[in-house]
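K.L.:
Residue numbers (UniProt numbering), protein chains in the order written: chain A, 1 to 218; chain B, 1 to 218.
Note that the Cβ used here is the ideal one computed from N, Cα and C, for glycine as well.
Computed from a prediction, not measured in an experiment: that's the story for all the values here.
Would you mind keeping the following structure in view while I ask a few things?
2 protein chains.
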Amino acid sequence: MSDEQVAAPTNRRRISQRGIATRDRILEAANRLMLVRGVNATTLDDIREASQTSKSQLYHHFADKQELVRALVKYRGALVLQRERAGLERLRSFSGLVRWRNALVQANSLNDGKYGCGLGSMALELSDQDEQARSSLSETFAAWERLISDGLHRMRDSGLLRQDADPEKLATGLMAALQGGYLLANAAHNVAPMEVALDMALEHIRSFLVQPSGEPVR
Amino acid sequence: MSDEQVAAPTNRRRISQRGIATRDRILEAANRLMLVRGVNATTLDDIREASQTSKSQLYHHFADKQELVRALVKYRGALVLQRERAGLERLRSFSGLVRWRNALVQANSLNDGKYGCGLGSMALELSDQDEQARSSLSETFAAWERLISDGLHRMRDSGLLRQDADPEKLATGLMAALQGGYLLANAAHNVAPMEVALDMALEHIRSFLVQPSGEPVR
DNA sequence: GCGTTTGAGGACCAGATAGTCCAGGTATTT
DNA sequence: AAATACCTGGACTATCTGGTCCTCAAACGC
């Protein structure tokens, strides 16, 4: 009876609104719990309870915990990229970068620097544990950096940035400052280090402006 | 018979060379294993086996896993600070910073960016799980940054850095770039992002030199 | 030498947790 | 209405793992 299902565990074709909703509820719960407790410290029972589903549903939608985690990596990646796309896809000026910085800082200050970046924390926890999750995360970081570097490219093309500015490297540096800022802020339970780190990166980018405005970053 | 021992589990005074050696062996093993697998994914049995000790010795030297982890946080912190003190306490020039950078990059490139910084990985894993470990890590980061900022202070006092340079902020920014670089390098299994991040931070510091030398960072 | 302290070794226990299975009920689609 | 997909609930297992306990050996002071 369930032979066909077993035969095609991954690419099952049955798609019902209800099923999708449950699957999403599970992912959403896993997302929430694993952000504050970490992946390994969160049990499937926690997720089952938080998502108001049953054990069998967990295993109906995901083969095992590892597959759930991998799905979560993509889920969270999609969330971040969607949020970041909204803030970055029309980036055309330095003040746009400052606004982007302010939004991130403000969001993180709401919980006193705790929890850090959903992607960054998974990266450290999973990189040496699940190669597939690692490469997926790596790709998400790359896509995120591309959103930034695309904006920087636009700024360079429009003559705002000097020609010798390297958008890719600047984006990587900014991303590292962001992730390092998240990490230090998390350790300190204080958003201040994240601000300093981002300001440093922005200042660095500012040094590539064709005509550096007199006012400082903030 | 063992009532007295139970009464004073923490501040025991018995100090034997043999005992210290065993304790250190345990910590050293925990350090090694937890660096690659993470804290939560490492079992006491792994540690027992790797340290060639017995279960009872683990619990003779540490009340429970949490105490072991906390001891490891200090152990690792001491190791890092010792290593960093050697490389930073005589920092007096920009080229000294570059040498410091090169040493870190080279060390991390030996394992293709994997594992990251022992402190940083613990910070993300423990910050929302063990308040005591978190604050201990936070202090270690502060001490590490102080090693850097002390060097920058010396450079400023000697007239190398401009007076408006803020050594504390520069040190925080550099530390964030380092930690973010570790994280991205770990996710990518490639040391390149760490190089870019550190170079950005160094370039930022260089912009505060009184007479910026013409040659780039590297 | 003798008793006490310290360390080694490992058997053992209890609880947590991933994962299985099934019996039956409810929605959705055709 | 029939078939298919989805869901509940919970019992059950195997394993892992933190933690306890007990015995024996070595070291050491008296």
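Looking only at C-alpha atoms, which of A:R18, A:M175, A:H61, A:L97 sits nearest to M155 (chain A)?
P.N.:
Of A:R18, A:M175, A:H61, A:L97, the residue nearest in Cα terms is A:L97.
K.L.:
Based on the DSSP output, what are the partners of L209 (chain B) in its beta bridges?
P.N.:
The partner list for L209 (chain B) (beta bridge, DSSP) reads B:L161.
K.L.:
How about L160 (chain B) and L209 (chain B): do their beta carbons lie closer than 8 Å?
P.N.:
Yes, they are a contact pair.
K.L.:
Give the secondary structure of H61 (chain A) by DSSP, where H, G and I count as helix, E and B as strand, and everything else as coil.
P.N.:
In this structure, H61 (chain A) counts as helix in the three-state DSSP scheme.
K.L.:
Could you give the first and the last residue of the continuous alpha helix (DSSP H) run that contains V191 (chain A)?
P.N.:
Careful: V191 (chain A) lies outside any alpha helix (DSSP H) and carries neither H nor E.
K.L.:
Are the C-beta of G151 (chain B) and some C-beta of chain A separated by less than 8 Å?
P.N.:
Not closer than 8 Å to any Cβ of chain A, the Cβ of G151 (chain B) fails to qualify, so no.
K.L.:
What would DSSP say about S109 (chain A), mapped onto helix, strand or coil?
P.N.:
Three-state result, S109 (chain A): helix.
K.L.:
Classify E128 (chain B) as helix, strand or coil using the three-state DSSP reduction.
P.N.:
Reading the sequence as shown, one finds Asp at residue 128 (chain B) and not Glu. D128 (chain B) falls in the coil class under three-state DSSP.
K.L.:
Apply the 10 Å Cβ neighbour rule to D128 (chain B) and answer buried if 16 or more other Cβ atoms are within range, or exposed otherwise.
P.N.:
The residue is buried, with at least 16 neighbouring Cβ atoms inside 10 Å.
K.L.:
Can the beta-carbon of G180 (chain A) be found closer than 8 Å to that of Q179 (chain B)?
P.N.:
Yes, they are a contact pair.
K.L.:
Applying a beta-carbon distance threshold of less than 8 Å, which residues of chain A neighbour Y59 (chain B)?
P.N.:
Neighbours of Y59 (chain B) on chain A: none; closest Cβ ~22 Å, over 8 Å.
K.L.:
When the distance is taken between beta carbons, is L152 (chain A) closer than 8 Å to A171 (chain A)?
P.N.:
In contact: A171 (chain A) and L152 (chain A) (Cβ atoms closer than 8 Å).
K.L.:
Taking a cut of 7 Å between CB atoms, which residues from the stretch 192-213 of chain B lie near chain A?
P.N.:
Result list: P193, V196, A197, M200, A201, E203, H204, S207.
K.L.:
Can you tell me the Cβ-Cβ gap for L124 (chain A) and L183 (chain B), rounded? I've got them flagged as a contact below 8 Å.
P.N.:
Confirmed, Cβ separation roughly 6 Å.
K.L.:
To the nearest angstrom, report how far apart L81 (chain A) and V73 (chain A) are at their CA atoms.
P.N.:
Straight-line Cα distance between these residues: approximately 12 Å.
K.L.:
Quick check on DSSP: helix, strand or coil for E84 (chain A)?
P.N.:
Helix, per DSSP.
K.L.:
What residues in the stretch 114-127 of chain A have a beta carbon less than 8 Å from any beta carbon of chain B?
P.N.:
Per Cβ criterion, the list reads K114, Y115, G116, G120, S121, A123, L124, E125, S127.
K.L.:
Are the C-beta of F141 (chain A) and some C-beta of chain B separated by less than 8 Å?
P.N.:
It does: the Cβ of F141 (chain A) has a partner Cβ on chain B nearer than 8 Å.
K.L.:
What are the boundary residues of the alpha helix (DSSP H) that includes Q17 (chain A)?
P.N.:
Element bounds for Q17 (chain A): 17-37.
K.L.:
Since A71 (chain B) contacts F62 (chain B) with CB under 8 Å, what's their CB separation in whole angstroms?
P.N.:
About 6 Å separates the two Cβ atoms, so the contact holds.
K.L.:
Please check the pair Q52 (chain A) and R85 (chain A), which I expect to be a contact at CB under 8 Å, by giving their CB distance rounded to whole angstroms.
P.N.:
Incorrect: roughly 31 Å between the Cβ atoms, too far for contact.
K.L.:
If you draw a straight line from the alpha carbon of A29 (chain B) to that of D64 (chain B), how long is it in whole angstroms?
P.N.:
Approximately 16 Å, taken between the alpha carbons.
K.L.:
Would you grab the beta carbon distance between N40 (chain B) and N40 (chain A) for me? Rounded to a whole angstrom, and I think it's under 8 Å.
P.N.:
Correct: roughly 4 Å between the Cβ atoms.
K.L.:
For a contact defined as C-beta to C-beta under 9 Å, what are the partners of M175 (chain A) on chain B?
P.N.:
The contacting residues are G180, L184, P193, A197.
K.L.:
Residues of chain B with a CB under 7 Å from the CB of V80 (chain A): which are they?
P.N.:
Residues of chain B passing the Cβ test: none, with the nearest at roughly 14 Å.
K.L.:
How far does the alpha helix (DSSP H) with D166 (chain B) in it extend, from its first residue to its last?
P.N.:
Per DSSP, D166 (chain B) belongs to no alpha helix (DSSP H) and is neither H nor E.
K.L.:
How is the alpha helix (DSSP H) around S51 (chain B) delimited, first residue to last?
P.N.:
Per DSSP, S51 (chain B) belongs to the alpha helix (DSSP H) from 44-51.
K.L.:
How about V69 (chain B) and A165 (chain B): are their beta carbons less than 8 Å apart?
P.N.:
It is not a contact, given that the beta carbons lie outside the stated cut-off.
K.L.:
Rounded to whole angstroms, how far is the Cβ of R101 (chain B) from the Cβ of L198 (chain B), which I believe are closer than 8 Å?
P.N.:
Sure, about 5 Å apart at Cβ, within 8 Å.
K.L.:
For E131 (chain B), is the classification buried or exposed, using 16 other Cβ atoms within 10 angstroms of its Cβ as the cut-off for buried?
P.N.:
That one is exposed.
K.L.:
At the 8 Å Cβ level, is K169 (chain A) part of the contact set with chain B, yes or no?
P.N.:
It does; some Cβ of chain B falls within 8 Å.
K.L.:
May I ask you to report which of helix, strand or coil DSSP gives L91 (chain A)?
P.N.:
It is coil, neither helix nor strand.
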